[in-house]
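Right, one structure below, let's go through it.
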Amino acid sequence: MAGGGGFEAAESYNKRQKKYQRGKKLGVRIDMTPMVDVIMLLLTFFMLTTTLATPQVMQINLPKGEEEDVVKVEANNVLYVRVSKLGNIYFSQGTADNQETAPENINIQNLRSELEARHRANPNLMMLLKFDRGMKYNLMVDILDEINRAEIDKRYTFMPMEGLDFEIVERAGG
Amino acid sequence: MGKSRSTKKPGINIDMTPLVDVIMLLLTFFMLTATFKAAESELVEVTLPQSVNTDSTRLPEQDILTLTLTPAGDIWVDVDSYEVRKEVFGDAFGIGLYHPDSTSKSEFELTGKVGDKALNRTVLLLDKEGFEKVINDLRIALKNMSDNARDYKIVIKGDKESNYGVVEDLMTSLKATKNTRFALVTDLKSD
């Protein structure tokens, strides 16, 4: 008995609801497909942009430093790239008598064109990168990036700054 | 009653399938990003420098040995395999810390934090010899696990504000352990 009563109550509730919704429900045949298409496009867009933002890498190969790997470079084929603690970049080119030209301050914006010009003059140029320990890593990446972008033979190696290098940089303006 | 049913039924004929498709896509998308966030939170976070990098090499997917440089001058050694970590660091969530500047203490030793974040991992403090040994051990452990088939790709994730001196010390150590190929991780610069 109790069960039957419950059923009746449920039915009357349904009836009431149907009556209430009848007028509204008739018109709601909305085609979802265009909206779905747009949302799918948006999704694809966002997914692609996130993929593009993933970090990339800059490959570095250091010389192995073994005896058979030692490369002799002519003194006049050496380009010293010194960077001071303050982040100033100085280029000086080796000369045949083991000396080097006076350091020239190079702006990072002109670095690439300068490198290309110097490599056109001497295609065998080897870059010796002497970075001050107090310099920011950001600048190192910027310089390597410019070297990678320049249309030159990417021949470079890292060398620690020594007493003479500090003197040269100091004299040129720090 | 029969009449009311027949007038109502044609109106609620909404096909749910496309909606479900979209919801599934959204779900997949958010689940994937959530996974990335979770993995990120157990790492040491740094602000990467930007580069244009014309050869557009992407970060490898697996077998990466990450060396993270913080602005405080610390080097964090981490790999992506739990088994290798367990073998070398003695803990599946172990991480190595090397502070090349012997005149000062690492940021983690001083504050117990990295930047302003606490690190929920077992930290193994390393000196120069220990660091070079760990680099070797990590490679040996992976090779033993995979019958020499796999090898670590070394990537350096440097904070743009860290000093070049740390990078120089790191390169010296890498060279000493015969690791002359490595990669610097950068963000793409729109130029």
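Chains as they are written, first to last, in the numbering used here: chain A, 1 to 174; chain B, 1001 to 1191. Built from N, CA and C at the ideal position, the CB exists for glycine as well.
Rounded distance between the beta-carbons of residue j and residue i, thought under 8 Å
i, j, result
"residue 77 of chain A", "residue 125 of chain A", "6 Å"
"residue 1171 of chain B", "residue 144 of chain A", "So it is not a contact: roughly 12 Å between Cβ atoms."
"residue 172 of chain A", "residue 110 of chain A", "Contact flag wrong, Cβ pair sits at about 16 Å."
"residue 1053 of chain B", "residue 56 of chain A", "6 Å"
"residue 148 of chain A", "residue 58 of chain A", "7 Å"
"residue 1131 of chain B", "residue 1079 of chain B", "Actually they do not touch by this definition, with Cβ atoms about 14 Å apart."
"residue 1049 of chain B", "residue 1165 of chain B", "Not quite, the Cβ-Cβ distance comes to about 16 Å (not below 8 Å), so this is no contact."
"residue 91 of chain A", "residue 83 of chain A", "Not confirmed; about 10 Å, so no contact."
"residue 1059 of chain B", "residue 1185 of chain B", "6 Å"
"residue 133 of chain A", "residue 1161 of chain B", "Residue 133 of chain A to residue 1161 of chain B, Cβ: 14 Å. No contact."
Chain A contact for residue i (CB, 8 Å cutoff)
i, result
"residue 1152 of chain B", "no"
"residue 1175 of chain B", "yes"
"residue 1089 of chain B", "no"
"residue 1132 of chain B", "no"
"residue 1026 of chain B", "yes"
"residue 1155 of chain B", "yes"
"residue 1022 of chain B", "yes"
"residue 1067 of chain B", "no"
"residue 1100 of chain B", "no"
"residue 1061 of chain B", "no"
"residue 1048 of chain B", "yes"
"residue 1187 of chain B", "yes"
"residue 1158 of chain B", "yes"
"residue 1145 of chain B", "no"
"residue 1019 of chain B", "yes"
"residue 1015 of chain B", "yes"
"residue 1168 of chain B", "yes"
Contacts of residue i in chain A (Cβ-Cβ under 8 Å)
i, result
"residue 1161 of chain B", "136, 137 and 138"
"residue 1107 of chain B", "Result: empty, since nearest Cβ-Cβ is about 16 Å, beyond 8 Å."
"residue 1085 of chain B", "Chain A residues near residue 1085 of chain B: none, gap ~22 Å exceeds 8 Å."
Chain B contact residues for residue i, given Cβ-Cβ distances below 8 Å
i, result
"residue 63 of chain A", "1180"
"residue 169 of chain A", "Neighbours of residue 169 of chain A on chain B: none; closest Cβ ~14 Å, over 8 Å."
Any C-beta of chain B under 8 Å from that of residue i
i, result
"residue 131 of chain A", "yes"
"residue 160 of chain A", "yes"
"residue 40 of chain A", "yes"
"residue 36 of chain A", "yes"
Neighbourhood of residue i by C-beta distance below 7 Å, restricted to the same chain and skipping five residues each side
i, result
"residue 1193 of chain B", "With chain B running from 1001 to 1191 in the structure shown, residue 1193 of chain B is simply not present."
"residue 1101 of chain B", "1073"
Pick from the options that is closest to residue i, judged by C-alpha positions
i, options, result
"residue 1155 of chain B", "B:1090, B:1019, B:1188 and B:1174", "B:1174"
"residue 1046 of chain B", "B:1070, B:1080 and B:1053", "B:1070"
"residue 1095 of chain B", "B:1081, B:1101 and B:1102", "B:1081"
"residue 1138 of chain B", "B:1049, B:1189, B:1167 and B:1083", "B:1083"
"residue 1133 of chain B", "B:1167, B:1178 and B:1120", "B:1178"
"residue 130 of chain A", "A:115, A:85 and A:153", "A:85"
"residue 140 of chain A", "A:98, A:39, A:174 and A:158", "A:158"
"residue 115 of chain A", "A:150, A:166, A:71 and A:161", "A:150"
"residue 1135 of chain B", "B:1086, B:1114 and B:1065", "B:1065"
"residue 40 of chain A", "B:1029, B:1043 and B:1176", "B:1029"
Short CB-CB distance (under 8 Å) between residue i and chain C
i, result
"residue 33 of chain A", "Within the model displayed, chain C is absent; protein chains A and B are what it includes."
Within chain B, the residues that residue i reaches when beta carbons sit closer than 7 Å
i, result
"residue 145 of chain A", "1051, 1052 and 1053"
6 Å CB neighbourhood of residue i in its chain, flanking five on each side removed
i, result
"residue 94 of chain A", "75, 76, 78 and 100"
"residue 1150 of chain B", "1063 and 1142"
Cβ-based neighbour list, residue i, same chain, cut-off 8 Å, excluding 5 preceding and 5 following
i, result
"residue 1104 of chain B", "1073"
"residue 1057 of chain B", "1183"
"residue 1090 of chain B", "1122 and 1124"
"residue 119 of chain A", "125, 150, 152 and 153"
Contacts that residue i makes with chain A (C-beta to C-beta distance below 7 Å)
i, result
"residue 1184 of chain B", "57, 58, 60 and 141"
"residue 1045 of chain B", "In chain order: nothing, as chain A lies at least about 12 Å away."
"residue 1165 of chain B", "133 and 134"
Closer than 9 Å at the beta carbon, the chain A residues around residue i
i, result
"residue 1058 of chain B", "54, 55, 56 and 57"
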